[in-house]
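To convert, note that position 56 of the sequence shown is 73 in the working numbering; the numbers rise steadily by one, no gaps. One structure is given here, and the rest of the page talks about it.
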Amino acid sequence: MENLDKINEFIPLLIPIILLQLGLMIAALVDVIKREKTKGPKWVWIMVIVFVNLLGPIIYFIAGRDE
């Protein structure tokens with residue numbers, strides 16, 4: 018029961034991080050799908066966005082967009 022109490026202490030701290038990660042991921046996925054050209058194949062950027070968690074969308078927005 019003590020382990021459950023410890024987990025419950027961290028949930029309020031994790032919720033903003035999870036929401037930030039989901040928001041960035043959705044925004045990056047929408048952008049990569051709508052954009053005609055990216056620096057590299059789109060499928061690679063989609064994999065980076067989805068599987069590199071919080072840093073993947075940030076990396077895409079900084080390095081992946083071809084304007």
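Glycine is no exception: its CB is placed at the ideal position from the N, C-alpha and C atoms. The structure presented is a predicted model; accordingly, all values stated were derived computationally and were not measured.
I'd like the span of the alpha helix (DSSP H) that includes residue i, first residue to last.
i: D48; result: 19-51
i: P74; result: 72-76
Applying the 10 Å Cβ sphere with the 16-neighbour rule, what's the burial state of residue i?
i: W60; result: exposed
i: A45; result: buried
i: L31; result: exposed
Considering only C-alpha positions, which residue in the set the options is nearest to residue i?
i: N70; options: I79, I34, R52; result: I34
i: E53; options: N20, F68, G81, M18; result: G81
i: V47; options: K56, I63, P58, E26; result: I63
Please confirm whether residue i and residue j have their CB atoms less than 7 Å apart.
i: G73; j: I66; result: yes
i: K51; j: D83; result: no
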